[in-house]
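Asker: First the structure, then my questions, so here it is.
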Amino acid sequence: MPVRFKIALLVLPAVLAGCTSSTQFRQQMEPVAVAEAQRRGSFEMNCPDAKATLLSSETLQPEVRTFIYTGPERAVYNVGVSGCGKRTTYVVICPDNGDNACFDGGSRTEVQED
2 MPVRFKIALL
12 VLPAVLAGCT
22 SSTQFRQQME
32 PVAVAEAQRR
42 GSFEMNCPDA
52 KATLLSSETL
62 QPEVRTFIYT
72 GPERAVYNVG
82 VSGCGKRTTY
92 VVICPDNGDN
102 ACFDGGSRTE
112 VQED
């Protein structure tokens, strides 16, 4: 068996596992991200009945990638929040660093009247 083939057999599962873990992490953190946006929207709009809806999500690769250190991947969610005649959107970021925590990054559109 050629050496290149053996190396490919060893490397391929690791590459495929990396792709799967990013998707799994993004799916795992989705409810946390939506809840974070809902809490913030409810407060900023002064609307306890505000509802949050996931608009989109993606996984961002680390900005820092060196031989010694690689930053964490980040799941990024765009979440719409509406209620009490108002609506807004938030960008929520969840770094895959083992904390299972998200933050809403300070990015949002202006609260709009429906």
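Taking this note's numbering, the leading residue of the sequence shown gets 2, the next gets one more, and so forth. A virtual CB, placed ideally from N, CA and C, is assigned to each residue, including glycine.
Thinking C-alpha only, which one of E59, Q62, R88 is nearest R41?
Answerer: It is R88.
Asker: For Q29 and N98, I'd like the C-alpha separation in whole angstroms.
Answerer: So the two alpha carbons sit approximately 13 angstroms from each other.
Asker: Curious, which full-length beta strand (DSSP E) runs of at least 3 residues does the region 66–104 contain?
Answerer: Complete beta strand (DSSP E) runs here, min 3: 75–84, 87–96.
Asker: Cα-Cα, which of G86, F68, I94 is closest to S57?
Answerer: When only C-alpha atoms are compared, the closest one is I94.
Asker: What does the alpha-carbon distance come out to for the pair Y91 and Q39?
Answerer: Going from the Cα of Y91 to the Cα of Q39 covers about 9 angstroms.
Asker: How would you write the range of the beta strand (DSSP E) that A53 sits in, first residue to last?
Answerer: Counting along the chain, the beta strand (DSSP E) containing A53 begins and ends at 52–61.
Asker: Taking Cβ positions, are V82 and A102 nearer each other than 7 angstroms?
Answerer: Not in contact: V82 and A102 (Cβ atoms no closer than 7 angstroms).
Asker: For C48, which three-state DSSP category applies?
Answerer: Coil, per DSSP.
Asker: Cα separation between S22 and E114?
Answerer: Taking the straight line joining both Cα atoms gives about 39 angstroms.
Asker: Is E64 helix, strand or coil when you go by DSSP?
Answerer: Three-state DSSP puts E64 in coil, outside helix and strand.
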